[in-house]
Amino acid sequence: MFSNPDLYKLIFGRLTLDAIPYHEPILVVTFIGVAIGGIAVLGILTYFRLWGFLWKEWFTSIDHKKIGVMYIVLAVIMLLRGFSDALLMRGQQAIAFNGSDGYLPPHHYDQIFTAHGVIMIFFVAMPFVTGLMNLVVPLQIGARDVSFPFLNNFSFWMTTAGAIVIMISLFVGEFARTGWLAYPPLSGIAYSPDVGVDYYIWGLQVAGIGTTLSGINLIATIVKMRAPGMTFMKMPVFTWTSLCTNILIVASFPILTATLALLTLDRYTGTNFFTNDLGGNPMMYVNLIWIWGHPEVYILVLPAFGVFSEVVATFSGKRLFGYASMVYATCVIMILSYLVWLHHFFTMGSGASVNSFFGITTMIISIPTGAKLFNWLFTMYHGRIRYETPMMWTVGFMVTFTIGGMTGVMLAVPPADFVLHNSLFLIAHFHNVIIGGVLFGMFAGVNYWFPKAFGFKLDPFWGKLSFWFWQIGFWFAFMPLYILGLMGVTRRVSQFDDPSLQIWFIIAAFGAVLIAAGIGCFLVQIVVSFMKREELRDHTGDPWGGRTLEWSTSSPPPAYNFAFTPIVYDHDAWWDMKNRGYVRPTEGFIPIHMPKNTGTGVILGVLSIGFAFGMIWYIWWLAIVTFVAMLAITIGHTFNYKRDYYITADEVVRTENERTKQLAAQV
Ligand SMILES: [Cu+2]
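Position one of the sequence shown corresponds to residue 5 (our numbering), numbered consecutively onward.
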């Protein structure tokens with residue numbers, strides 16, 4: 005069979021043993037590490053017979069709270085991968101001087117910075133944001149779940165499937181060497197004939213389906229499932245930022261899907277959308293990808309802004325200052341984020357008029373962002389501030405993000421950008437706003453809502469230690485890059501000739517090690533908190549003295565969230581209920597209609613990995629079989645009518661009485 009190349013090709017496409025990178029020592033060591041770790045985890049799950057529990061209670065769950073937690077688990081796992089890439093890059097740049105090649109040859113280094121960008125944006129920041137929105141929004145608006153619970157489970161598994169496709173490229177074949185946005189013509193078949201860019205395309209297309217569908221789901225939820233009385237201007241700020249974020253997702257992710265589809269046609273069928281010749285136009289790709297790309301950065305940071313608004317009001321013990329202006333600022337940022345994309349390539353030569361338009365729109369964004377910052381500061385002003393871990397991350401954000409914002413305004417000035425474009429100054433800037441904004445926001449949100457999801461707080465000692473390592477590590481890691489960028493050092497270079505630059509890269513590498521310690525402390529925080537959960541347990545459901553509806557439920561909330569849908573009179577609905585002397589109902593409970601868990605989402609996720617793998621390696625039979633199977637299962641799922649059940653009134657009574665007892669015990 006193997007002697008017949010045609011038959012071999014028919015079965016295995018372009019997959020050969022050469023695809024296994026056994027000649028790359030770093031990858032071999034990584035593989036052994038991942039294999040041992042994987043076997044250990046599988047062994048523990050099997051030994052403690054946890055598979056059934058995981059399948060029934062988590063993998064097949066259509067409960068928004070559990071799906072939210074699973075998104076965040078995915079984000080943390082991918083953070084470890086994405087950050088190990090960062091450490092590899094920092095290490096390489098710190099030692100590759102004076103003729104030394106370091107330990108990463110250029111073709112490997114290029115894959116690492118490409119994978120780092122792709123993973124951190126699509127498989128760390130996006131799942132983190134989607135996870136928090138899933139966990140919190142239905143509770144904040146007084147809903148039982150999102151509008152389409154099954155679709156929610158399916159969206160999660162498509163995102164996870166995309167992450168797995170990207171991870172497979174580590175050990176079978178190789179990843180793209182194009183940078184995280186795969187600009188053509190480098191990403192075209194002429195310059196990237198191997199599988200790397202195809203891994204990139206199919207990993208993102210699969211995950212993109214999940215993202216777009218969860219965007220639609222959350223918009224429908226926020227618009228249609230608010231508790232009575234919760235008009236738009238009575239929605240919590242986190243829900244507002246989530247609404248704007250999901251509008252941006254639904255408005256921009258289809259552009260990414262279409263752009264990658266055109267690149268796919270160029271690579272698979274020889275069309276010329278983005279080629280150098282035959283009428284192709286690579287700059288059209290660059291425009292399209294940034295028409296998605298810039299809204300994307302606001303898709304990531306708006307929910308973080310929402311987290312900070314909730315945290316600042318709670319830990320200052322004051323009503324959020326300027327609620328209405330906070331809402332308007334969010335909407336203005338949402339709209340403006342669509343009008344600035346060209347600042348990513350002022351150097352394209354589009355002329356002064358076009359550049360100044362995009363320069364000005366970019367600078368204008370700092371106004372609503374500044375308004376938010378002042379609203380947070382005015383909320384803290386004369387507040388009784390409690391520096392719990394979420395508040396530490398929030399104040400750290402205010403300092404870090406503001407500086408990142410200021411360097412953004414510098415880059416928005418076209419003449420300045422002509423000098424700084426694609427330099428390490430730009431690298432420092434976007435890490436400044438993404439780490440200082442998005443990541444700090446996610447850590448603040450996890451520390452703030454963890455007790456709601458699990459019933460106990462996260463350990464504050466390790467939480468604060470993690471915060472300080474991140475905060476200090478960030479400045480050591482990125483301030484040198486600002487300086488190197490001003491000195492004209494370009495991004496994406498794996499070796500340097502000028503020895504005077506080395507000290508800055510060494511300081512930056514030291515910063516990366518401090519951040520690694522911050523991540524380590526976060527993992528220890530999680531483990532220690534589970535071990536000390538009785539000590540950290542919160543029986544009130546409202547450990548921080550919260551203001552919004554999610555704090556009115558028990559922790560964790562029952563599967564149905566609310567036995568009775570609350571009536572809302574204020575955007576601080578729970579605070580208002582507490583002030584009105586809210587009394588928990590103890591009778592009149594009725595059966596609650598609930599959707600059933602289902603394995604269809606997991607199965608479709610697994611099949612989409614098979615489909616992507618078939619497309620990447622030209623194993624056409626595999627792509628066809630999995631595609632047909634996905635269609636059949638989806639259609640079959642729609643005919644499965646036994647997809648719901650009722651929680652009996654007795655069960656509701658039992659759960660609610662348990663809670664009433666807990667609360668009584670607190671008084
Ligand atoms: Cu931008």
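Ideal Cβ placement from N, Cα and C applies to all residues, glycine included. Quick caveat: nothing in here was measured; it's all calculated off a predicted structure.
Residues in the same chain with beta-carbon distance under 7 Å from M384, minus the five sequence neighbours each way, listed in chain order, please. Taking the first residue of the sequence shown as 1, we reach residue 384 at position 380. So the list reads V316 and S320, once near-sequence residues are dropped.
Kindly indicate the opening and closing residues of the beta strand (DSSP E) around H597. Numbered from its first residue, the sequence shown carries residue 597 at position 593. Per DSSP, H597 belongs to the beta strand (DSSP E) from I596 to P599.
Nearest residue (CA-CA) to D648, options V629, C525, S256 and Y564: As a first step, residue 648 must be located in the sequence shown, where it is residue number 644. Answer by Cα proximity: Y564.
Whole-number beta carbon distance between F429 and Y486, since they are thought to touch under 8 Å: For this step, residue 486 is matched to residue 482 along the sequence shown. For this step, residue 429 is matched to residue 425 along the sequence shown. Right, the Cβ-Cβ distance comes to about 6 Å (below 8 Å), so this counts as a contact.
Quick check: is any heavy atom of ligand 1 less than 7 Å from the C-beta of V629? Looking up residue 629 in the sequence shown gives position 625. V629: no, Cβ never under 7 Å from ligand 1.
Euclidean distance between Cα positions of P9 and N436: Along the sequence shown, one-based indexing puts residue 9 at 5. Along the sequence shown, one-based indexing puts residue 436 at 432. Their backbone Cα atoms lie some 52 Å apart in a straight line.
Top-ranked residue by Cα proximity to V227, from F117, P570, C248 and I172: As a position in the sequence shown, residue 227 is number 223, starting the count at 1. Looking at the Cα atoms, C248 is the closest of the given residues.
Taking just the CA atoms, how far does I637 sit from F154? Within the sequence shown, residue 154 is the residue found at index 150, counting from 1. Within the sequence shown, residue 637 is the residue found at index 633, counting from 1. Approximately 14 Å, taken between the alpha carbons.
Between T544 and G146, how many whole angstroms is the CB-CB distance? I'm expecting something under 8 Å. If you number the sequence shown from 1, residue 544 lands on position 540. If you number the sequence shown from 1, residue 146 lands on position 142. Going by Cβ atoms, the distance from T544 to G146 rounds to 19 Å, so no, they are not a contact pair.
For H348 and G363, believed in contact at Cβ under 8 Å, the rounded distance: Sequence index remark: in the sequence shown, residue 363 carries index 359 (1-based). Sequence index remark: in the sequence shown, residue 348 carries index 344 (1-based). Wrong, their Cβ atoms sit about 12 Å apart, outside the cutoff.
Beta-carbon proximity list for Q187, same chain, < 8 Å, skipping 5 on both sides: Mapped onto the sequence shown, residue 187 falls at position 183. It should be noted that the sequence gives Tyr, not Gln, for residue 187. So the list reads P286, Y289, V290 and I293, once near-sequence residues are dropped.
In chain order, each alpha helix (DSSP H) run of at least 4 residues that lies wholly inside the stretch 391 to 415: 393 to 415
C-beta contact flag for G219 and M162 at 8 Å: As a first step, residue 219 is located in the sequence shown; it is residue number 215 there, counting from the start. As a first step, residue 162 is located in the sequence shown; it is residue number 158 there, counting from the start. No.
Report the residue ranges of all alpha helix (DSSP H) runs contained in full by the stretch 326 to 361; include only those spanning at least 4 residues, in chain order. 327 to 340
For ligand 2, any of its heavy atoms closer than 7 Å to the Cβ of H298? Ligands present in the displayed structure are limited to ligand 1, and ligand 2 is not among them.
Looking only at its chain, what residues have a beta carbon closer than 6 Å to the beta carbon of N280, apart from the 5 residues adjacent to it on each side? In the sequence shown, the residue the question calls residue 280 occupies position 276. Only P189 meet the Cβ criterion.
Contacts around W62, its chain only, beta-carbon distance under 7 Å, and the 5 residues preceding and following it disregarded: Looking up residue 62 in the sequence shown gives position 58. Same-chain partners within the cutoff: K70 and M74.
Mind pulling the alpha helix (DSSP H) runs of 4 or more residues that sit fully within the stretch 67 to 123? 68 to 99 and 110 to 122
For the alpha helix (DSSP H) that contains I259, what are its first and last residues? Numbered from its first residue, the sequence shown carries residue 259 at position 255. It spans V241 to T273 - the alpha helix (DSSP H) in which I259 sits, taken as one unbroken run.
Close Cβ partners of E314 (< 6 Å) along its chain, the five nearest in sequence each way excluded: Within the sequence shown, residue 314 is the residue found at index 310, counting from 1. Around E314: F242.
Would you check if the distance between the CB atom of I596 and the CB atom of I651 is smaller than 8 Å? For the purposes of this step, residue 596 is taken as the residue at position 592 of the sequence shown. For the purposes of this step, residue 651 is taken as the residue at position 647 of the sequence shown. Closer than 8 Å, so yes.
With a threshold of 16 other CB atoms inside 10 Å of the CB of V33, please say whether the residue is buried or exposed. The sequence position of residue 33 within the sequence shown is 29, counting from 1. Under this definition V33 is an exposed residue.
Ligand 1 and V301: does any heavy atom of the ligand fall closer than 7 Å to the residue's C-beta? The count along the sequence shown starts at 1 and reaches residue 301 at position 297. It does: the Cβ of V301 is within 7 Å (strictly closer) of some heavy atom of ligand 1.
Between H111, E660 and I76, which lies nearest to V497 when the distance is taken from Cα to Cα? Walking along the sequence shown from the start, residue 497 turns up at place 493. Of the candidates H111, E660 and I76, the one whose C-alpha sits nearest the C-alpha of V497 is H111.
Given 8 Å, three or more beta-carbon pairs between the stretch 325 to 335 and the stretch 363 to 378: yes
Along the chain, where does the alpha helix (DSSP H) containing D421 start, and where does it finish? Taking the first residue of the sequence shown as position 1, residue 421 is located at position 417. That run of the alpha helix (DSSP H) goes P418 to L424.
Any heavy atom of ligand 1 closer than 7 Å to the CB of H112? Mapped onto the sequence shown, residue 112 falls at position 108. No - ligand 1 has no heavy atom lying nearer than 7 Å to the Cβ of H112.
Could you have a look at I15 and say whether DSSP puts it in helix, strand or coil? As a first step, residue 15 must be located in the sequence shown, where it is residue number 11. Here I15 sits in helix by DSSP.
Inspect the beta-carbon positions of V2 and L304 and report whether they are closer than 8 Å. Examination of residue 2 is not possible in this model, given that the chain is present from 5 through 671 alone.
For T20, does the three-state DSSP call read helix, strand or coil? Walking along the sequence shown from the start, residue 20 turns up at place 16. It is coil, neither helix nor strand.
Classification of H27 by the beta-carbon crowding that lies within 10 angstroms, buried from 16 upward: Here the question's residue 27 lines up with position 23 in the sequence shown. With fewer than 16 other Cβ atoms within 10 Å, it is exposed.
May I ask you to report which of helix, strand or coil DSSP gives F460? Looking up residue 460 in the sequence shown gives position 456. In this structure, F460 counts as strand in the three-state DSSP scheme.
I'd like to know whether the C-beta atoms of L626 and G609 end up nearer to each other than 8 Å. As a working note, residue 626 is residue 622 in the sequence shown. As a working note, residue 609 is residue 605 in the sequence shown. No, these two residues do not count as a Cβ contact at 8 Å.
8 Å Cβ shell around I369 - same chain, five flanking residues per side excluded: Your numbering for residue 369 matches position 365 in the sequence shown. The answer, listed in chain order, is I337, L340, S341 and V344.
For S498, three-class secondary structure by DSSP: As a working note, residue 498 is residue 494 in the sequence shown. S498 falls in the coil class under three-state DSSP.
Between which two residues does the alpha helix (DSSP H) holding D580 run? Your numbering for residue 580 matches position 576 in the sequence shown. Looking at the DSSP string, the run of the alpha helix (DSSP H) that includes D580 is A577 to N583.
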